[in-house]
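Below is one structure, written out as structure tokens; comments come after it.
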Amino acid sequence: MKDTRNLVLGVTLGDATGIGPELIVKALNDNEIKKLATWVIVDDKRVLKQGEEIAGSQVDVNKIDGIYD
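First residue of the sequence shown? That's 2 in the numbering used here, and the numbers climb one at a time after it.
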């Protein structure tokens, strides 16, 4: 398998009223998926929290306020 330790992938949660937030939370709690890359969630924290509530689990995240100095 290709070495993916330095792979960084950004994902959005999709429509806040759809199944995207729940699916992303579930996927990022799967060890096989989690270890494939460093995952960057680009979205509203409130939408992530909704996805966590529906999925019944949480995603360990480090919040950043922006990408510029």
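Just so you know, even glycine gets a beta-carbon here, dropped at the ideal spot from N, CA and C.
DSSP places residue 26 in the uninterrupted alpha helix (DSSP H) bounded by 21-29. Partner residues in the beta bridge of residue 11, as assigned by DSSP, are 41. Excluding five sequence positions before and after residue 28, the CB atoms of its chain that fall closer than 7 Å to its own CB belong to 34, given in chain order.
A direct Cα-Cα distance of roughly 20 Å separates residue 32 from residue 54. Straight-line spacing of the CA atoms in residue 56 and residue 36 works out to 20 Å.
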